[in-house]
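Reviewing the structure listed below.
Protein chains: 2
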Amino acid sequence: MTTSSSASSDEVHQPVPAAKDPWELPDVSGLVVGVLGGTGPQGKGLAYRLAKAGQQVIIGSRAADRARAVADELGLGIQGADNPEAARRSDIVIVAVPWDGHAKTLESLRDDLAGKLVIDCVNPLGFDKKGAYALTPEEGSAAEQAAVLLPGSRVTAAFHHLSAVTLMDQDVEEINTDVLVLGEVRTDTDVVQALADRIPGMRGVFGGRLRNAHQVESLVANLISVNRRYKAHAGLRVTDIQRPRT
Amino acid sequence: MTTSSSASSDEVHQPVPAAKDPWELPDVSGLVVGVLGGTGPQGKGLAYRLAKAGQQVIIGSRAADRARAVADELGLGIQGADNPEAARRSDIVIVAVPWDGHAKTLESLRDDLAGKLVIDCVNPLGFDKKGAYALTPEEGSAAEQAAVLLPGSRVTAAFHHLSAVTLMDQDVEEINTDVLVLGEVRTDTDVVQALADRIPGMRGVFGGRLRNAHQVESLVANLISVNRRYKAHAGLRVTDIQRPRT
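For the protein sequence lines, the chains are A and B, in the order given.
Start counting the first sequence at 1; every next residue gets the next number (the numbering used here).
Start counting the second sequence at 247; every next residue gets the next number (the numbering used here).
Here is the structure:
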């Protein structure tokens, strides 16, 4: 932003606020979380972990009865609904649909998602005989596509690097990984970081603006290579940052 | 690769070899490592750490006297030379030049780099008032550009996510980060992983083919956002993989 000579005095003379503690995040325990595509492996795993952490979760799917069947299977008070109803009844909506249906699904839910905090966790990848590779959406990334298609929503990006197998593994108590959270507005990314923090072992870490979402989404292709080479379910930790003990 | 009906019998009947241990890497302690752009912060830091680990290092620069001055400053047996000589005298050549001069520098060194194992660690980034953002080279990534420009070299990509400040901090004994290593040929990526393993605290981790280098290079934009928010020198650890204790 450039400051023109017609800038109002409060813009010009406002003191620089003290840097806010990046670990000081809001209480999100009372917010309802919808998971669109919650019957797929990634969405289902996230729904399970968030509900297990005490969050009210509504799984969304194209077919309400399929969503309800998965919700009943998972238990933990999880509810099921069709995608529009799941969106409308939630405060935060995680988009975990396949990349193929991403644009079409979001377009059809524009009104239902208006005013909501949207978390896109979709990884646009292609696969061939050599493995996985990054696809580049016209808008730059899945998250930026969501931002274009949902002008009335607050769009963020997060939860890209999680192993669905690990999320659903009932013997795993802690998810040993960080979640990079991207977005344009700090109050929104703070909420998403706080949501990630609800899951034991997980940390929500601010990772930049949406224009830098593509590489975060695409890095899943590299994690697939890691998993194949090391027979692992790899995640990522950011080093040199440490949450103060409370 | 498709198997046609004319495939030779050894292709068809060859037993599947046992998976090689991903942690079993060659001894690289006797290899000479050149660092092109070794007078810049990233190259200088890498030269320092590798030499400190016992590797013979030659710093390359456009001006030989500048390379020699930095080599003398660092000590540890590090030598300095102009870029062509540093390339010719080394077994492994790390490319740590600024992105702006990347293509031109490599083109001019094509013959000097023939037959060498090249490690590209360049991150093509742009900067504006909103911070850093990824640039997309025409070839897909800096590493793929290197592969195109150096048909006689074995090109890999690694050492992208290191903090130059941490590398040069003499109070830091261990570099607490993993190094994602990308390349097309396993014997090459194994050597680069082994080189990263030489630095205490660091692990070389296979991270896929060169076509997936762009997101690894670009992720530095996100780490810059992390560093700014958390006042850190962030790196990355890959979770769920563990080197066996020897």
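For every residue, glycine included, the Cβ atom is placed at its ideal position computed from N, Cα and C.
- For the pair A:Thr-239 and B:Asp-424, the Cα-to-Cα distance works out to about 10 Å.
- Judged by beta-carbon spacing, A:Gly-60 lies within the 7 Å limit of A:Ala-67, meaning their Cβ atoms are closer than that value.
- For B:Ser-471, the three-state secondary structure derived from DSSP is helix.
- For B:Ser-354, no beta strand (DSSP E) encloses it; the enclosing alpha helix (DSSP H) starts and ends at 348-354.
- In terms of Cβ geometry, A:Leu-117 and A:Arg-89 do not form a close pair [threshold 7 Å].
- In the DSSP assignment, the residues bridged to A:Asp-82 are A:Ser-61.
- Scanning A:Val-93, A:Ala-53, A:Pro-84, A:Glu-85 for the CA closest to the CA of A:Leu-76 turns up A:Ala-53.
- Beta-bridge annotation (DSSP): B:Thr-402 is paired with B:Ile-365, B:Gly-429.
- A Cβ of chain A is located within less than 7 Å of the beta carbon of B:Ser-464.
- Under the Cβ criterion of 7 Å, B:His-348 is not counted among the residues facing chain A.
- Take the alpha-carbon of B:Val-281 and the one of B:Thr-351: they are about 13 Å apart.
- If you look at A:Leu-125, you'll find it isn't in any alpha helix (DSSP H); it sits in the beta strand (DSSP E) that goes 125-128.
- In this structure A:Phe-206 is buried. Its beta-carbon is surrounded by 16 or more other beta-carbon atoms within 10 angstroms.
- Put simply, of A:Val-33, A:Ala-221, A:Ala-213, A:Ile-224 the residue whose alpha carbon is nearest the alpha carbon of B:Val-466 is A:Ala-213.
- Any Cβ of chain B closer than 7 Å to the Cβ of A:His-233 would place that residue at the interface, and such an atom is present.
- Judged by DSSP secondary structure, A:Gly-131 falls within the beta strand (DSSP E) whose first and last residues are 131-134.
- For B:Leu-320 against B:Leu-413, the beta-carbon gap comes to about 11 Å, at or over 8 Å, which does not count as contact.
- As the crow flies, the alpha-carbon of B:Ile-338 is around 7 Å from that of B:Ile-365.
- Under the Cβ distance rule, B:Pro-268 counts among the residues neighbouring chain A, one pair being separated by less than 7 Å.
- Between the alpha carbons of A:Ile-241 and A:Lys-20 lies a gap of roughly 15 Å.
- Contacts with chain B (Cβ-Cβ distance below 8 Å) from the region 106-121 of chain A involve no residue at all.
- Close CB contacts of A:Ile-199 within its chain, under the 6 Å cut and outside five residues either way in sequence, are with Arg-49, Ala-53, Ile-175 (chain order).
- The DSSP assignment places complete alpha helix (DSSP H) segments of no fewer than 4 residues inside the region 265-322 of chain B at 287-298, 310-320, in order along the chain.
- Flagged as an interface residue toward chain B: A:Ala-221, by a C-beta distance shorter than 7 Å.
- By a beta-carbon distance limit of 8 Å, B:Leu-456 does not contact B:Ala-380. Their separation comes to about 16 Å.
- In this structure, the alpha-carbon of B:Glu-430 lies about 17 Å from that of B:Val-341.
- Contact with chain A is absent for B:Val-438, since none of that chain's Cβ atoms lies less than 7 Å from the residue's Cβ.
- In this structure, B:Gln-439 places its C-beta atom within 7 Å of the C-beta atom of B:Leu-271.
- For a Cβ distance threshold of 8 Å, nothing in chain A lies close to B:Gly-291: the least Cβ distance comes to about 15 Å.
- Only buried fits B:Gln-288, as 16 or more other CB atoms lie within 10 angstroms of its CB.
- For A:Arg-88, the secondary structure class from DSSP, reduced to helix, strand or coil, is helix.
- Separation of B:Gln-301 and B:Glu-331 (C-alpha to C-alpha, rounded to the nearest whole angstrom) is 18 Å.
- When DSSP states are grouped into helix, strand and coil, B:Val-343 belongs to the coil group.
- Pairing A:Ala-157 with A:Leu-182 gives a Cβ-Cβ distance under 7 Å.
- Looking at the DSSP output, B:Asp-424 bridges to B:Arg-449.
- Per DSSP, A:Val-148 is one residue of the alpha helix (DSSP H) stretching across 142-149.
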